[in-house]
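Report on the structure given below.
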Amino acid sequence: MSARTDLGYDPDRLCAEFLAPWNDHDVEAAIATFSGDGFWEFTVGSEPWGRTYTGREALREAIGAVFTAIPDIHYEVVRYHAAPTHLTMEVLVTGTNGEGKKLNYQACDILSLDAGKVTGKRSYRKVVS
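Using our numbering, you'd call the opening residue of the sequence shown number 3 and step up by one each time.
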């Protein structure tokens with residue numbers, strides 16, 4: 003039995019399927035990868051963990067705001083670490099913000115998984131100065 007079978011999912015496939023709508027800037031398809039009560043802990047916010055968006059409407063707002071702020075945002079997997087109930091993706095994020103500044107930094111998403119859906123996305127990022 004392969005490690006991928008032992009995990010209950012193929013991590014290469016999950017990385018690709020999760021990031022595809024983000025790279026296509028398809029808000030509805032990105033939301034569809036989450037469970038109905040899924041959440042995203044965004045990197046910026048007033049709490050130590052950032053700001054949490056829970057449920058489809060809140061996710062729609064947050065993901066749409068990212069695509070508006072960085073219309074050419076792109077995510078590329080650098081490496082991942084997989085376990086049965088979570089997948090940690092290290093990604094290279096590139097794009098151009100609304101002020102014309104080129105973005106190029108690494109980030110990390112820890113995805114909590116249940117029955118093939120993302121129940122939580124905890125995001126962290128490097129700050130390039």
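Just so you know, even glycine gets a beta-carbon here, dropped at the ideal spot from N, CA and C.
Pick from the options: whose alpha carbon is nearest that of residue i?
i, options, result
"Tyr107", "Leu113, Val93, Leu16", "Val93"
"Ala60", "Ala32, Asp12, Gly10, Thr87", "Ala32"
"Lys103", "Thr121, Leu16, Ala71, Ala18", "Ala71"
"Lys128", "Asp116, Phe41, Asp111", "Asp111"
"Val46", "Ala34, Ala84, Tyr82, Ala109", "Ala109"
"Val80", "Val68, Val95, Gly66, His88", "Val95"
"Lys123", "Glu78, Gly97, Asp39", "Asp39"
"Gly118", "Leu89, Gly97, Asn99, His76", "Leu89"
"Glu19", "Tyr77, Phe69, Gly97", "Tyr77"
"Tyr82", "Phe69, Leu113, Ile65", "Leu113"
Tell me the rounded alpha-carbon separation between residue i and residue j.
i, j, result
"Arg62", "Glu101", "23 Å"
"Asp26", "Glu49", "30 Å"
"Arg53", "Gly10", "30 Å"
"Asp74", "Cys17", "19 Å"
"Pro86", "Thr121", "13 Å"
"Phe44", "Asp14", "24 Å"
"Val130", "Ser37", "32 Å"
"Ser125", "Asp8", "26 Å"
"Met2", "Asn99", "Within the shown structure, residues of the chain are numbered from 3 to 131, placing residue 2 beyond reach of any answer."
"Asp12", "Arg58", "25 Å"
"Ala64", "Tyr55", "7 Å"
For residue i, which of helix, strand or coil comes out of DSSP?
i, result
"Thr45", "strand"
"Thr56", "strand"
"Thr70", "helix"
"Ala85", "strand"
"Val29", "helix"
"Thr39", "The sequence shown places Asp at residue 39, rather than the Thr named in the question. Note: Asp39 maps to strand in three-state DSSP."
"Trp24", "helix"
DSSP beta-bridge partners for residue i?
i, result
"Glu101", "Its beta-bridge partners do not exist; DSSP assigns none."
"Lys119", "Asp116"
"Ala109", "Val93, Arg127"
"Glu78", "Leu94"
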